[in-house]
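Whatever position you read off the sequence shown (first residue = 1), add 1 for the numbering used here.
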Amino acid sequence: MSIDPARLLADLHALRGYGRDGNGVHRPTYSPQDVAAREWFADKARAAGLDVTIDGIGNLLARDPRPGPHLLIGSHLETQPHGGWLDGALGCVAGLEVARALGGGIDVAAWADEEGHFGAFNGSRSAIGDLTEAEIDAASNRDGISLRAALAAAGYAGRPRLAIDPVRYKGYLELHIEQGPELDTTGQALGVVTAIVGLRGYRIRFEGQQNHAGTTPMRLRRDAGAALVRLASAIAREFPNACAARTVWTVGRIELEPGAASIIPGAATMIFQIRDTDEAVLDRLEALLMRLAEEEGRGPCRVVVTRLRATAPATMDAGLRAALEDACERAAPGNWQAMPSGAGHDAQQLARVMKSAMLFVPSINGISHDTAEDTREEDLVRGVAALADAAAVILRQA
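Structure follows, in structure tokens:
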């Protein structure tokens, strides 16, 4: 059993052509480029002897028709806006290459919208039965296009949604670029994921009084922008005392209304996010956020904190991890490490219904979600080879 490095790299570069954007790719979910990429991937999977279905949410499942034990390997094909060429794509092409190399026992999935253009993990959540029709009805992207309209434009409307049968599988594996600097900085060739972070996302909105910036005395102002900045400063001051070693938090967007130099903002909104692998840490920081917001809300501006998104941390299966660790030691003796994932992945959804594990390869300079995202070809090949090695061992196990 061995993978074909030339074929693997040729497929990755061919997939890069669907929505190529300089060195990266712009392939939003359900865009013409995304639909074309799914059809290209479906043709490749059929040529490998797999039975392919694309369902009513856009999930692509390529099933091995032969009897016997099976593993599911997957990731996603869409990209962030003006994003990288390997985020998601590597995991899908890796699954296909492992299916070819092993000659049986591998199903391959390309989950829809992991990148969250229309929601949070809609594809993988749909596959495990956790996405309702009401959620689909309510979902839209930042351009105001409804999920229903996007599915219709892509040609997926009216198709049934696939349900993954956990009984069929010995587990789920996903190969991914790290999307961070740790492997690249330390010179390690591979990373076996121990756990995937949970995420809490919030909209924090202050409402004050819009007024003239030149004639309103400072003592009479209800400046929503100033209140928001004070809260952001309090978060920066207090969170380091309550976080864990790998906790991260981000103010991702700030909007002042109406946003003119001579007008005191009457409203101000920020999008805020917290990530950690420990649910208790997320709970503690959420409580701290609410306390800090409440304290600022006692001032001249009203504040409303709305939780927009919450995904639970996921611990990877010990048995699958052991198979990956053994494969890493064979592929890169003494040059791999166990590590958490600071990014969310479809594997954390699949882990809710079956054993799941992930493998990382380095990201050059730790860059991802940008057209500069890249990984050395030898690291790509080594990662897929280790994945195939582990998959073969897992399929042989009783």
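Even for Gly, the Cβ is constructed at its ideal location relative to N, Cα and C.
Predicted model, so just to flag it, every value in this text is computed and none were measured.
Contact between the region 237–250 and the region 264–271 is not established, with fewer than three Cβ pairs separated by less than 8 Å.
Under the three-state reduction of DSSP output, GLN274 falls in the strand class. Three or more pairs of CB atoms, one per stretch, sit closer than 8 Å, so the region 150–164 contacts the region 29–47.
With a cut-off of 8 Å on Cβ pairs, the region 357–376 is in contact with the region 172–183, counting three or more such pairs. The beta-bridge partner set that DSSP reports for THR251 consists of GLN274. Taking 8 Å as the cut-off, the beta carbon of ILE165 is found no closer than this to the beta carbon of ARG149.
The residue among GLY106, ASP5, TRP86 and HIS14 with its C-alpha nearest the C-alpha of VAL394 is GLY106.
Secondary structure at ASP22: strand, using DSSP grouped into helix, strand and coil.
For LEU184 and PRO363, the gap between their C-alpha atoms comes out near 5 Å.
Residues of the same chain with a CB within less than 7 Å of the CB of PRO82, apart from the 5 flanking positions on each side, are HIS27 and PRO29 in chain order.
DSSP, read as helix, strand or coil, puts LEU51 in coil. In this structure, the beta-carbon distance from ILE74 to VAL94 does not fall below 8 Å. Note on geometry: alpha-carbon atoms of TRP41 and GLU179 lie some 25 Å from one another.
In this structure, ALA11 sits away from GLY59, with a CB-CB distance that is not shorter than 8 Å. The continuous stretches of alpha helix (DSSP H) do not include GLU208, which lies in the beta strand (DSSP E) extending over residues 199–208. In this structure, DSSP gives GLN81 a state outside helix and strand, which the three-state scheme calls coil. Bridge pairing for SER76: ALA111 [DSSP].
Judged by DSSP secondary structure, LEU286 falls within the alpha helix (DSSP H) whose first and last residues are 280–298. The beta carbons of PHE122 and ASP318 sit no closer together than 8 Å. In this structure LEU78 does not touch ALA63 by the C-beta definition: roughly 12 Å separates them, more than the 8 Å allowed.
The three-state reading of DSSP puts ASN212 in strand, counting E and B together. Every alpha helix (DSSP H) stretch that sits fully inside the region 316–394 and reaches 4 residues is listed by chain position as 319–332 and 348–351. Ranked by Cα distance from THR195, the options LEU9, LEU325 and LEU13 are led by LEU325. The continuous alpha helix (DSSP H) containing THR187 extends over residues 183–187.
In the three-state reduction of the DSSP assignment, GLU116 falls in the coil class, being assigned neither a helical nor a strand state. In this structure GLN211 does not touch ASN336 by the C-beta definition: roughly 59 Å separates them, more than the 8 Å allowed.
The three-state secondary structure of GLY226, taken from DSSP, is helix. The C-alpha of GLY96 lies about 59 Å from the C-alpha of ARG222. Cα atoms of ALA294 and THR372: separation of roughly 36 Å, rounded to the nearest angstrom. When only Cα atoms are considered, MET340 and GLU378 end up about 22 Å apart. DSSP places VAL306 inside the beta strand (DSSP E), whose first and last residues are 303–312. In the structure shown, GLY172 adopts extended strand secondary structure according to DSSP, grouped into three states.
A Cβ-Cβ separation of about 5 Å places LEU232 in contact with GLU297 under the 8 Å criterion. With respect to the 8 Å criterion, CYS302 and ALA225 are classified as neighbours on the basis of their beta carbons. Under DSSP, the beta-bridge partners assigned to GLY192 are GLN338 and PHE361.
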